[in-house]
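One structure below.
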Amino acid sequence: MKKALQILTFALLLAGLFTSVAIAQDDTPTDDEVNAVAKQLYCPVCENTPLDVCPTEACRQWRELIRSQLSEGMTEQQIKDYFVANYGARVLSEPPRTGLNWLVYILPPAIILLGAFFLFRSFREWTKASATAATISAERSEIEASSPAKDDYVARLEEELKKRK
Amino acid sequence: MFAEFGYGVLLVSLIVAIYSGIAAVNGALNKSAATVESARRAMLLTFPLISIAAGTLIYLLVNDHYEVAFVYEVTSRSMPTYLKITAWWGGQAGSLVFWSWLLAVFTSAVTLRKWDRDIEFLPWVILVSSVTLTFFLGMTAFFENPFARYWVTNGNVAPSMFAPAGATLFTPQDGQGLNPLLRHPGMVIHPPMLYLGFVSFVIPYAFAMAALITGRTDDRWIRITRRWALWAWLFLSFGLVLGGRWAYDVLGWGGYWGWDPVEIAAFMPWLTGTAFLHSVMIQEKRGLLKHWNMILIILTYALVIFGTFLTRSGVLSSVHAFANSPIGPFFMGFVSLTLVASVALVIWRWPILRSETEMKSMLSREALFLLNNLLFISILVVCFWGVIFPLVSELFTGQKVTVGPPFYERATAPLFSGLLFLMAIAPLSAWGHSTVQTLGRAIWKSAAAALVVVVALFFTYTKNIGALVGFFLVALALFATTHEFWRGARARQKTQGENFFTALSRLMGRNRRRYGGYIIHISMALMAIGILGIEIFQKETQGALAQGEQLNVGDYTVEYRELASWDSAGEGVNHTRAVVDVYENGVYLGELNPRIDYYFDSQQNMTIPGQRSTLRDDLYILLVDWQPVSSAGATFKIFVNPLVNWLWIGSLVFLLGVIFAAWPDNDPNEETARRSVTRSNRQPSAAD
Amino acid sequence: MTETIPQKRGVPLWAQIAIWVFLVALLVLVGIILGKRQQGNVQPGDKIPDFSLPLFSGYEYAGKSEVKLSDFQGKVVVLNFWASWCKPCEQEAAELEEAWKFYEADGEVVFLGADYVDTEPEARAYLKKFGITFSNGPDMGTKISQMFRISGVPETYFIDQEGVLYYVKIGPFVSVDEIKSIVAQKIP
Numbered sequence: 003m004k005k006a007l008q009i010l011t012f013a014l015l016l017a018g019l020f021t022s023v024a025i026a027q028d029d030t031p032t033d034d035e036v037n038a039v040a041k042q043l044y045c046p047v048c049e050n051t052p053l054d055v056c057p058t059e060a061c062r063q064w065r066e067l068i069r070s071q072l073s074e075g076m077t078e079q080q081i082k083d084y085f086v087a088n089y090g091a092r093v094l095s096e097p098p099r100t101g102l103n104w105l106v107y108i109l110p111p112a113i114i115l116l117g118a119f120f121l122f123r124s125f126r127e128w129t130k131a132s133a134t135a136a137t138i139s140a141e142r143s144e145i146e147a148s149s150p151a152k153d154d155y156v157a158r159l160e161e162e163l164k165k166r167k
Numbered sequence: 005m006f007a008e009f010g011y012g013v014l015l016v017s018l019i020v021a022i023y024s025g026i027a028a029v030n031g032a033l034n035k036s037a038a039t040v041e042s043a044r045r046a047m048l049l050t051f052p053l054i055s056i057a058a059g060t061l062i063y064l065l066v067n068d069h070y071e072v073a074f075v076y077e078v079t080s081r082s083m084p085t086y087l088k089i090t091a092w093w094g095g096q097a098g099s100l101v102f103w104s105w106l107l108a109v110f111t112s113a114v115t116l117r118k119w120d121r122d123i124e125f126l127p128w129v130i131l132v133s134s135v136t137l138t139f140f141l142g143m144t145a146f147f148e149n150p151f152a153r154y155w156v157t158n159g160n161v162a163p164s165m166f167a168p169a170g171a172t173l174f175t176p177q178d179g180q181g182l183n184p185l186l187r188h189p190g191m192v193i194h195p196p197m198l199y200l201g202f203v204s205f206v207i208p209y210a211f212a213m214a215a216l217i218t219g220r221t222d223d224r225w226i227r228i229t230r231r232w233a234l235w236a237w238l239f240l241s242f243g244l245v246l247g248g249r250w251a252y253d254v255l256g257w258g259g260y261w262g263w264d265p266v267e268i269a270a271f272m273p274w275l276t277g278t279a280f281l282h283s284v285m286i287q288e289k290r291g292l293l294k295h296w297n298m299i300l301i302i303l304t305y306a307l308v309i310f311g312t313f314l315t316r317s318g319v320l321s322s323v324h325a326f327a328n329s330p331i332g333p334f335f336m337g338f339v340s341l342t343l344v345a346s347v348a349l350v351i352w353r354w355p356i357l358r359s360e361t362e363m364k365s366m367l368s369r370e371a372l373f374l375l376n377n378l379l380f381i382s383i384l385v386v387c388f389w390g391v392i393f394p395l396v397s398e399l400f401t402g403q404k405v406t407v408g409p410p411f412y413e414r415a416t417a418p419l420f421s422g423l424l425f426l427m428a429i430a431p432l433s434a435w436g437h438s439t440v441q442t443l444g445r446a447i448w449k450s451a452a453a454a455l456v457v458v459v460a461l462f463f464t465y466t467k468n469i470g471a472l473v474g475f476f477l478v479a480l481a482l483f484a485t486t487h488e489f490w491r492g493a494r495a496r497q498k499t500q501g502e503n504f505f506t507a508l509s510r511l512m513g514r515n516r517r518r519y520g521g522y523i524i525h526i527s528m529a530l531m532a533i534g535i536l537g538i539e540i541f542q543k544e545t546q547g548a549l550a551q552g553e554q555l556n557v558g559d560y561t562v563e564y565r566e567l568a569s570w571d572s573a574g575e576g577v578n579h580t581r582a583v584v585d586v587y588e589n590g591v592y593l594g595e596l597n598p599r600i601d602y603y604f605d606s607q608q609n610m611t612i613p614g615q616r617s618t619l620r621d622d623l624y625i626l627l628v629d630w631q632p633v634s635s636a637g638a639t640f641k642i643f644v645n646p647l648v649n650w651l652w653i654g655s656l657v658f659l660l661g662v663i664f665a666a667w668p669d670n671d672p673n674e675e676t677a678r679r680s681v682t683r684s685n686r687q688p689s690a691a692d
Numbered sequence: 195m196t197e198t199i200p201q202k203r204g205v206p207l208w209a210q211i212a213i214w215v216f217l218v219a220l221l222v223l224v225g226i227i228l229g230k231r232q233q234g235n236v237q238p239g240d241k242i243p244d245f246s247l248p249l250f251s252g253y254e255y256a257g258k259s260e261v262k263l264s265d266f267q268g269k270v271v272v273l274n275f276w277a278s279w280c281k282p283c284e285q286e287a288a289e290l291e292e293a294w295k296f297y298e299a300d301g302e303v304v305f306l307g308a309d310y311v312d313t314e315p316e317a318r319a320y321l322k323k324f325g326i327t328f329s330n331g332p333d334m335g336t337k338i339s340q341m342f343r344i345s346g347v348p349e350t351y352f353i354d355q356e357g358v359l360y361y362v363k364i365g366p367f368v369s370v371d372e373i374k375s376i377v378a379q380k381i382p
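Chains as they are written, first to last, in the numbering used here: chain A, 3 to 167; chain E, 5 to 692; chain P, 195 to 382.
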């Protein structure tokens, strides 16, 4: 009885092994999974064509390559690294963040911030210029207005007006 | 015979263009009105001359003259006549003639206007026109000649204008035909519209140069320039939108804009052009920023020329770019001349361009317009650097890199959002003065309404933060702008006693520029809806289907029913058409017919999607042509593009808006009165 | 209104210098790139810089799985760029192998195949199909093809014993004799 049980267990385990292999083989990556990776890459030979839409034979082969790499368990990053090693950095949709390429990411924000800085500094100058001009004209009109005769009356009038502003 | 005739006329136009430039300078320096008049007549003459040359080329294209190299390259017997005509701009040589012809149209038109008040500008406008025309005609005549023909010498066939010694004419039986991607009604208007936009910026540029050279930098030049710039900007905007629509319909990527370097080269002048259109208003209302406007218009034209050079010389690698061409060095010379001359003139005349700038408040409308300019220029910086950097990388490291959509989208999204926000608040701020309180009072209702919309979207449509922020800004802009119409009409209604609709139409009619501008803003907000929808919520799937099998994406189910394949001999095409049934949540909607067209002459495919367009989304189905296609099984790629049709609706509203804005105002007396009133600071007409 | 006298200042010197430097740098950059684009591939007479080509396993040269151009000092090198997806390449594949077989024994000529932008399984299938035996390897990162500035495949570059390029063939060979006649220029 014990021996029969052992054989049965062994047979079941073996069957389970085959079944799991069969299930794993059904797992070929779908077109969508391939496209999700291919979308982020560019065709190495065409001009500026993303890899998921490129119609050439070569691109079809690369997509099949991605499919087999996905089924081997490579991650998206590993596949991208493989493509860069084989076909050059132009295959990525933006420059890898190394060396000179940092300029592409840093320069635009730097220039924009510089522009904003200049603009706001100019704003400051212009609003100050305007305020200075206003006080100059106000002072001038005060000086003109204080003639001895109407001095007191006018001064009081002006004060009243200022209070109402 | 015709080819030689066409080439001869082209050469004559070149000589006439050169003459007109020399005469113009001569006349200006020697103060001889007669010489300048002669220059003007010569410039006018270039139009009929180049038209004849162009007409000859079209004749050759339409009549199957395959001994002419250009005709061989872009046409074939199976192409319909209308496409043969559009093939005129289907290749480098022909499209250069097209450029020259458009240049001649505009420069002649400008010589026909009344010059009495601006007679000092005339010689210099003619000079700039002449130099530009000379370069384009020269490039055509000496480097990319569309009239060159094939000659056989000792078994070798080579194109040349005149027969090499001992050679005989070689006439191929049929042409190669236009690239199938170009055989589409879009070819009829997208390139011409785009070229119209590019070329028409010459005129404002010429006036700017004339103003700098003569030192007459008062408002006259900007008054003239503004109207030309608006039309140029309209053509350019429409050219860009049509390009997007065409790419969407034909390329099979389910997208409308790829951030390709050539697309960006066409987009950059649009950015500075838009900034210019806003900035000139400041000069008009407050007399400020003359120097900045000068820079903007020159920058716009410089970007046009620079972008055209990059595209046509082979420097940029792109699906849109023309192949490597001998015009490179010559064109480079022209670009350098244009840039150096413009920069030198602006620096020389800078002192008389400066004026005292006074700004009372950082929230005044002029300040917000300057912020608008900052944002547009920032987007320009991102685009320019993205296009130039691969060249820099190639030069210094030898490594080629691609700067693609992720870079541009990440960098420009906040900037475009800022512009949306400005679109909402700037119309509410006053010239000269605004505070946080006045703006807040003006906008709180629209902001509250926008918030309600967003909360509703949160519960019914999406929880994506980026999308919600985007929709909030769009709603804010839409509400704030329509509120302006409402407020103005109500005020008029109260004071004039008209009914609402009369009030509204009179209000708009009296101030076409402002309300046309608001309509354009509304159209931009609508386009933003479409862009947000497709960029954030697009779904796609691809799969191989046997007959009767189904693919699911979103709420849609697509079932492959049958396939038919037949030749259309007259057009030299083989059609392979699939019939698919479409269901939404189980409900049958109808059938779609994605198709593959195979062109025998160029041995290339074109995939035509089956599309179902509604306001809510587009269902877009493609037959994938690199996998086997048969009635047993075919591969389909399906896109669901939510809200994308708002992009096209927005562009139609845009067209209406620009036409409305550019149309002359109803009452000419009112217009002059309005202009003098608006010289001083004013508050918005009615308070809440 | 204001009483300030408008100041007629020109553009400050530092700004002028910055603008001109930027403009000139831009034009020079674009000009150089334009020059490069117009250059075409390397021409006969150019000295070829040393490069290294990793080889597919099974296609080693003298046991080495990676070779350098300098390894072949004193020999004629026939460097052929190809790809499995390239139809015209198939037209010359058999001819190249035949020519290789002719020269293999003497050891004075080396045939190298550089696989351009390809996938290994397809490349191997192609090599097997045409029975290729001479050393072949992938042009990793397109470094070698960029150095030669090829414009497509197939292209074949003939390098003499001193490492100087002496002949360029664009497109497929029509016959074995064509290949032999070119090699014969340096190996009488």
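Don't be surprised by glycine CBs; every beta carbon is placed ideally from N, CA and C.
Legend entry - For residue 97 (chain A) and residue 630 (chain E), the rounded distance between their alpha carbons: Residue 630 (chain E) and residue 97 (chain A): Cα-Cα distance of roughly 29 Å.
Inset, instruction - Can you grab the Cα-Cα spacing for the pair residue 312 (chain E) / residue 305 (chain E), in whole Å? - result: Residue 312 (chain E) and residue 305 (chain E) have their C-alpha atoms spaced approximately 11 Å apart.
Inset, instruction - Look up residue 35 (chain E) in the DSSP assignment and say whether it is helix, strand or coil. - result: DSSP places residue 35 (chain E) in the coil class of the three-state scheme, outside both helix and strand.
Inset, instruction - Take residue 481 (chain E) as the anchor and find which of E:336, E:440, E:563 and E:523 has the nearest alpha-carbon. - result: Looking from the CA of residue 481 (chain E), the closest CA among E:336, E:440, E:563 and E:523 belongs to E:523.
Inset, instruction - Per DSSP, which residues does residue 572 (chain E) bridge with? Please list them. - result: BP columns for residue 572 (chain E) point to E:577.
Legend entry - Residues near residue 550 (chain E) by beta carbon distance below 6 Å, same chain, minus five either side: Apart from the 5 residues on each side of it in sequence, residue 550 (chain E) sits with its Cβ closer than 6 Å to the Cβ of 637 in its chain, given in chain order.
Legend entry - Cutoff 8 Å: residue 33 (chain A) Cβ touching any chain E Cβ: Taking Cβ atoms only, chain E reaches closer than 8 Å to residue 33 (chain A), which makes this a yes.
Legend entry - Backbone CA spacing between residue 276 (chain P) and residue 316 (chain E) [nearest angstrom]: Spanning the alpha carbons of residue 276 (chain P) and residue 316 (chain E) requires a straight line of approximately 29 Å.
Inset, instruction - Return the bridge partner residues of residue 550 (chain E) from the DSSP annotation. - result: When DSSP reads this structure, residue 550 (chain E) sits in a beta bridge with E:637.
Legend entry - Span of the beta strand (DSSP E), counted from its first residue to its last, around residue 118 (chain E): Per DSSP, residue 118 (chain E) belongs to no beta strand (DSSP E) and is neither H nor E.
Legend entry - the stretch 275-283 of chain E contacting the stretch 246-260 of chain E, beta-carbon criterion three pairs below 8 Å: By the Cβ criterion, the stretch 275-283 of chain E is not in contact with the stretch 246-260 of chain E, since fewer than three pairs of Cβ atoms, one from each stretch, lie closer than 8 Å.
Inset, instruction - Consult DSSP for residue 70 (chain E) and reduce its assignment to one of helix, strand or coil. - result: Here residue 70 (chain E) carries a coil assignment [DSSP, helix/strand/coil].
Inset, instruction - Ignore the nearest five residues each way along the sequence and tell me which others in residue 262 (chain E)'s own chain have a CB closer than 8 Å to its CB. - result: Short of 8 Å from the beta carbon of residue 262 (chain E), and not among the five residues preceding or following it, lie these beta carbons of its own chain, in chain order: 251 and 409.
Inset, instruction - Would you give the residue range spanned by the alpha helix (DSSP H) that residue 533 (chain E) belongs to? - result: Taken as a continuous stretch (DSSP letters only), the alpha helix (DSSP H) holding residue 533 (chain E) covers 516-541.
Inset, instruction - Give the range of the beta strand (DSSP E) segment to which residue 254 (chain P) is assigned. - result: Unbroken run through residue 254 (chain P): none, as it is neither H nor E.
Inset, instruction - Run the CB neighbour count on residue 342 (chain P), radius 10 Å, all protein chains shown included, and call it buried at 16 or more, exposed below. - result: The residue in question, residue 342 (chain P), is buried, as its Cβ has 16 or more Cβ neighbours within 10 Å.
Legend entry - Three-state secondary structure assigned by DSSP to residue 343 (chain P): Three-state DSSP puts residue 343 (chain P) in coil, outside helix and strand.
Inset, instruction - Could you work out which residue in E:391, E:644 and E:407 is closest to residue 42 (chain A) when comparing CA atoms only? - result: Considering only alpha carbons, the answer is E:407.
Inset, instruction - Return the first residue and the last residue of the beta strand (DSSP E) that residue 369 (chain P) is part of. - result: Counting along the chain, residue 369 (chain P) falls outside any beta strand (DSSP E), and DSSP gives it neither H nor E.
Inset, instruction - Buried or exposed for residue 309 (chain E), please, with buried defined as at least 16 other CB atoms from any protein chain shown within 10 angstroms of its CB. - result: That one is buried.
Inset, instruction - Please list the partners that residue 334 (chain P) has in chain A, where partner means a Cβ-to-Cβ separation under 8 Å. - result: For residue 334 (chain P), the chain A residues whose C-beta falls within less than 8 Å of its own C-beta are 87 and 88, listed in chain order.
Legend entry - Sequence-distant residues of its chain with Cβ nearer than 8 Å to residue 701 (chain E) (five each side left out): Any question about residue 701 (chain E) goes unanswered here, given that chain E covers just 5 to 692.
Inset, instruction - With hydrogens ignored, establish whether the beta-carbon of residue 311 (chain P) is closer than 7 Å to any heavy atom of the ligand GDP. - result: Absent from the structure shown: the ligand GDP. Ligands present: none.
Legend entry - residue 118 (chain E) versus residue 43 (chain E) - alpha carbon distance: Between the C-alpha atoms of residue 118 (chain E) and residue 43 (chain E) there is a straight-line separation of about 16 Å.
Legend entry - Sheet register partners of residue 642 (chain E) (DSSP bridge): Per DSSP, E:545 and E:625.
Inset, instruction - Label residue 289 (chain E) either buried or exposed according to how many other C-beta atoms from any shown protein chain fall within 10 Å of its C-beta, with 16 as the threshold for buried. - result: Buried: at least 16 other Cβ atoms inside 10 Å.
Legend entry - Environment of residue 326 (chain P) [buried if 16+ CB atoms lie within 10 Å]: Under this definition residue 326 (chain P) is a buried residue.
Legend entry - Test item: CB-CB of residue 349 (chain E) and residue 213 (chain E) under 8 Å: Against a cut-off of 8 Å, the Cβ pair of residue 213 (chain E) and residue 349 (chain E) comes out as a contact.
Legend entry - Bridge partners - residue 1 (chain A), DSSP secondary structure assignment: Residue numbering for chain A in the displayed model covers 3 to 167; residue 1 (chain A) lies beyond these limits and cannot be assessed.
Inset, instruction - Within its chain, find whatever has a CB closer than 8 Å to the CB of residue 234 (chain P); leave out the 5 residues flanking it on each side and keep chain order. - result: Only 343 and 345 meet the Cβ criterion.
Inset, instruction - Report yes if the CB atom of residue 72 (chain A) is closer than 8 Å to the CB atom of residue 111 (chain A), and no otherwise. - result: Cβ distance not < 8 Å, so residue 72 (chain A) and residue 111 (chain A) don't count as in contact.
Legend entry - Segment contact, 8 Å Cβ cut-off, at least three pairs: the stretch 349-368 of chain E with the stretch 425-443 of chain E: Contact holds between the stretch 349-368 of chain E and the stretch 425-443 of chain E, because three or more Cβ pairs, one in each stretch, are under 8 Å apart.
Inset, instruction - Please list the partners that residue 279 (chain P) has in chain A, where partner means a Cβ-to-Cβ separation under 8 Å. - result: Near residue 279 (chain P) (Cβ distances below 8 Å), the residues of chain A are 58, 59, 60 and 63.
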